[in-house]
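Contents: one structure, followed by commentary.
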Amino acid sequence: MIYRPRYNFADTPDSFRAAARALAAGRGPFAIDTERASTFRYDDRAFLIQIRRRDAGTFLIAPEGFRDEVKAIFAPVINQREWVLHAASEDLASLGMLGLHPRSVFDTELAARLCGFQRPNLKAVVHQILDVELDKTHGREDWSTTPLPTAWLEYAARDVVYLNDLADSLAELLERSGLLDAAEQEFSHLVATRSRPAPRRTWCDMKGVSSLHTSAGLQLARVLWEARDCHARETDTSPAAILPTPVLLAIAKTVPSSPVELARVPGFPGRDATAVEQWYRLIEGALSEPERTWPTVPPRSRSAPPTKSVWQRRYPRSWLYLNEARSRVAAAARQLGIPPENLLSPVTLREVVWQANVEERSGEMPAGDAHSVRNRLLRAGARPWQAEIVAPLLVAADEQGSAAREV
57 MIYRPRYNFA
67 DTPDSFRAAA
77 RALAAGRGPF
87 AIDTERASTF
97 RYDDRAFLIQ
107 IRRRDAGTFL
117 IAPEGFRDEV
127 KAIFAPVINQ
137 REWVLHAASE
147 DLASLGMLGL
157 HPRSVFDTEL
167 AARLCGFQRP
177 NLKAVVHQIL
187 DVELDKTHGR
197 EDWSTTPLPT
207 AWLEYAARDV
217 VYLNDLADSL
227 AELLERSGLL
237 DAAEQEFSHL
247 VATRSRPAPR
257 RTWCDMKGVS
267 SLHTSAGLQL
277 ARVLWEARDC
287 HARETDTSPA
297 AILPTPVLLA
307 IAKTVPSSPV
317 ELARVPGFPG
327 RDATAVEQWY
337 RLIEGALSEP
347 ERTWPTVPPR
357 SRSAPPTKSV
367 WQRRYPRSWL
377 YLNEARSRVA
387 AAARQLGIPP
397 ENLLSPVTLR
407 EVVWQANVEE
417 RSGEMPAGDA
427 HSVRNRLLRA
437 GARPWQAEIV
447 APLLVAADEQ
457 GSAAREV
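Okay, so the sequence shown: first residue is 57 according to the working numbering, each after it adds one.
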């Protein structure tokens with residue numbers, strides 16, 4: 057039998073005020089979730105906000121059309137308070153777009169990872185801890201739909217019903233394993249880095265744009281991205297629905313010289329004559345601009361880690377150090393019962409190892425003691441608990457590499 061949660065739906069300022077009054081009279085942290093529609097809409101704004109508080113109940117807030125009112129009514133109640141969320145990063149950003157910001161958070165997904173859960177998704181964690189089956193049927197719906205079907209609203213309400221109980225249980229597990237302080241550092245990092253809307257993206261932010269190595273390719277990437285972004289913003293449509301980024305980059309790499317060549321680009325709707333005509337017109341216009349105005353291929357920064365193949369081929373000693381460091385971090389993570397990426401992100405590890413290589417090659421021999429390596433980790437964005445554990449591992453990895461080189 058499917059549990060049908062009780063909830064209050066609010067989509068007008070008057071109903072917002074009633075919900076805010078009830079939530080203010082409740083007790084404890086606010087369990088919060090959002091439903092977004094970035095697959096369908098231009099940005100990642102929330103189209104539904106689920107809030108539950110003990111002694112208050114569950115409230116589903118539909119902010120579209122009243123976003124300023126949502127901020128004015130709910131910010132005094134929930135801002136600078138403790139929130140409980142599951143996989144908080146995207147929710148925090150979309151709530152930040154509404155001017156809603158927590159004082160602190162408890163992320164049950166991240167807590168589950170630190171507790172060693174192999175499957176930290178909400179359905180699995182709720183089942184393992186609370187022995188409750190969650191229905192996740194409607195996770196990929198278009199939440200900008202109006203009106204929202206009752207089945208979707210019930211699904212959304214269930215996502216916050218168990219969050220506070222889940223947080224209590226996970227906090228006990230974290231304390232038992234000695235990782236509660238580590239979790240709190242991670243939660244603070246989430247608030248500091250994710251609770252503000254991300255800066256507006258540009259064509260340079262496209263994933264994969266660094267694979268373009270000609271000015272013509274960069275020029276096409278810029279012009280096509282800007283045209284796509286303008287159309288997506290004006291029509292409130294997901295840019296990927298207009299032209300997927302991998303296809304856009306494939307066009308930029310190909311630099312088509314005819315509509316026929318454009319139509320053959322993998323993933324492009326080549327059978328759509330209108331699409332071929334419209335996009336090829338943009339390509340012709342981009343390539344007709346004076347070449348002096350085209351973007352140029354930027355020189356690779358010495359401070360940025362190179363690609364795997366370049367690192368392995370040109371800096372073999374540093375590459376060995378990186379692999380040894382990875383192995384030691386992975387082993388330490390296994391002992392703690394957590395994923396290696398939660399002990400230290402691969403990006404941070406690469407950055408720290410590469411920076412040591414840069415300093416060594418420039419004649420600034422990096423201090424190899426744990427204190428110096430710890431400071432290097434902190435500068436790269438590691439949290440203190442991570443740096444305390446990982447710094448000695450990197451020192452040992454470097455010492456082993458040095459010994460191997462001497463042999």
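All C-beta atoms in this analysis are idealised placements derived from N, C-alpha and C, irrespective of residue type, glycine included.
For residue i, I'd like the list of residues in its chain whose CB is within less than 7 Å of its CB, leaving aside the five on either flank, ordered along the chain.
{"i": "alanine 447", "result": "Ala426, Val429, Arg430, Leu433"}
{"i": "arginine 101", "result": "Arg92, Ser150, Met153"}
{"i": "arginine 278", "result": "Trp259, Pro351"}
{"i": "tyrosine 211", "result": "Asp191, Thr193, His194"}
{"i": "glutamate 282", "result": "Trp259"}
{"i": "serine 401", "result": "none"}
{"i": "alanine 112", "result": "Ala78, Leu79, Ala81, Gly82"}
{"i": "lysine 263", "result": "Thr301"}
{"i": "serine 94", "result": "Asp100, Ser294"}
{"i": "valine 181", "result": "Thr164, Ala168, Phe173, Leu222"}
In its own chain, which residues sit with a C-beta less than 6 Å from the C-beta of residue i, not counting the 5 before and 5 after it?
{"i": "tryptophan 441", "result": "Ala238, Gln241"}
{"i": "glycine 84", "result": "Arg110"}
{"i": "leucine 236", "result": "Leu230"}
{"i": "arginine 250", "result": "Ser145, Leu148, Ala149"}
{"i": "glycine 323", "result": "Val303"}
{"i": "leucine 378", "result": "Val409"}
Distance, Cα to Cα, residue i vs residue j?
{"i": "valine 216", "j": "leucine 79", "result": "14 Å"}
{"i": "arginine 62", "j": "threonine 114", "result": "7 Å"}
{"i": "glutamate 91", "j": "alanine 297", "result": "19 Å"}
{"i": "isoleucine 117", "j": "aspartate 191", "result": "21 Å"}
{"i": "glutamate 397", "j": "arginine 384", "result": "13 Å"}
{"i": "alanine 436", "j": "threonine 349", "result": "35 Å"}
{"i": "tyrosine 336", "j": "proline 315", "result": "6 Å"}
{"i": "proline 395", "j": "alanine 453", "result": "20 Å"}
{"i": "phenylalanine 65", "j": "glycine 424", "result": "59 Å"}
{"i": "alanine 155", "j": "serine 313", "result": "Alanine is not the amino acid found at residue 155; the sequence shown has glycine there. Those two C-alpha atoms are separated by around 47 Å."}
{"i": "valine 247", "j": "valine 311", "result": "43 Å"}
{"i": "valine 403", "j": "threonine 206", "result": "42 Å"}
{"i": "histidine 287", "j": "phenylalanine 103", "result": "21 Å"}
{"i": "phenylalanine 72", "j": "glutamate 125", "result": "8 Å"}
{"i": "alanine 412", "j": "arginine 370", "result": "15 Å"}
{"i": "threonine 293", "j": "proline 372", "result": "46 Å"}
{"i": "glutamate 120", "j": "glutamine 275", "result": "37 Å"}
{"i": "threonine 68", "j": "arginine 123", "result": "10 Å"}
{"i": "histidine 245", "j": "arginine 439", "result": "8 Å"}
{"i": "arginine 97", "j": "serine 200", "result": "8 Å"}
{"i": "aspartate 70", "j": "arginine 257", "result": "36 Å"}
{"i": "lysine 309", "j": "aspartate 99", "result": "27 Å"}
{"i": "glutamine 334", "j": "proline 325", "result": "12 Å"}
{"i": "valine 161", "j": "tryptophan 139", "result": "5 Å"}
{"i": "tyrosine 59", "j": "phenylalanine 243", "result": "31 Å"}
{"i": "threonine 202", "j": "threonine 291", "result": "17 Å"}
{"i": "proline 255", "j": "leucine 405", "result": "25 Å"}
{"i": "serine 365", "j": "arginine 382", "result": "17 Å"}
{"i": "isoleucine 105", "j": "arginine 232", "result": "33 Å"}
{"i": "alanine 131", "j": "alanine 213", "result": "21 Å"}
{"i": "glycine 234", "j": "proline 362", "result": "37 Å"}
Please look up how many angstroms separate the CB atoms of residue i and residue j, rounded, as I've assumed it's under 8 Å.
{"i": "isoleucine 339", "j": "valine 321", "result": "No, isoleucine 339 and valine 321 are not in contact; Cβ-Cβ is about 11 Å, not under 8 Å."}
{"i": "leucine 450", "j": "valine 408", "result": "7 Å"}
{"i": "glutamate 197", "j": "serine 271", "result": "Between serine 271 and glutamate 197 the Cβ distance is about 43 Å, and since that is not below 8 Å, they are no contact."}
{"i": "alanine 342", "j": "valine 332", "result": "Contact doesn't hold; Cβ gap of about 16 Å is too wide."}
{"i": "proline 158", "j": "arginine 169", "result": "Actually they do not touch by this definition, with Cβ atoms about 20 Å apart."}
{"i": "tryptophan 367", "j": "serine 374", "result": "7 Å"}
{"i": "serine 267", "j": "leucine 304", "result": "With 8 Å as the limit, serine 267 and leucine 304 do not qualify as a contact, their Cβ atoms being about 12 Å apart."}
{"i": "leucine 141", "j": "aspartate 163", "result": "6 Å"}
{"i": "alanine 464", "j": "valine 133", "result": "Past the edges of the chain, shown from 57 to 463, lies residue 464, and the structure says nothing about it."}
{"i": "valine 188", "j": "histidine 269", "result": "In fact, because the Cβ distance is near 53 Å, the residues do not count as touching under 8 Å."}
{"i": "aspartate 299", "j": "arginine 289", "result": "Here residue 299 is leucine; the residue named in the question, aspartate, does not match the sequence. Contact flag wrong, Cβ pair sits at about 14 Å."}
What are the residues that DSSP puts in a beta bridge with residue i?
{"i": "leucine 141", "result": "Asp163"}
{"i": "aspartate 89", "result": "Gln106"}
{"i": "phenylalanine 65", "result": "Leu116"}
{"i": "arginine 83", "result": "Arg110"}
With a CB to CB cut of under 8 Å and the five nearest residues on each side skipped, what residues in its chain are close to residue i?
{"i": "leucine 186", "result": "Tyr218, Asp221, Leu222, Ser225"}
{"i": "proline 253", "result": "Ala149, Gly152, Met153"}
{"i": "leucine 399", "result": "Val385, Ala388, Ala389, Leu392, Gln442, Ile445, Val446"}
{"i": "arginine 327", "result": "Ala319"}
{"i": "glutamate 317", "result": "Thr310"}
Is there a Cβ of chain C sitting closer than 8 Å to that of residue i, yes or no?
{"i": "serine 401", "result": "Absent from the structure is chain C; it holds one protein chain and no more."}
| field | Continuous beta strand (DSSP E) assignments of at least 3 residues falling wholly in the stretch 345 to 412 | value | none
| Contiguous beta strand (DSSP E) assignments of at least 3 residues, all confined to the stretch 200 to 224 | none
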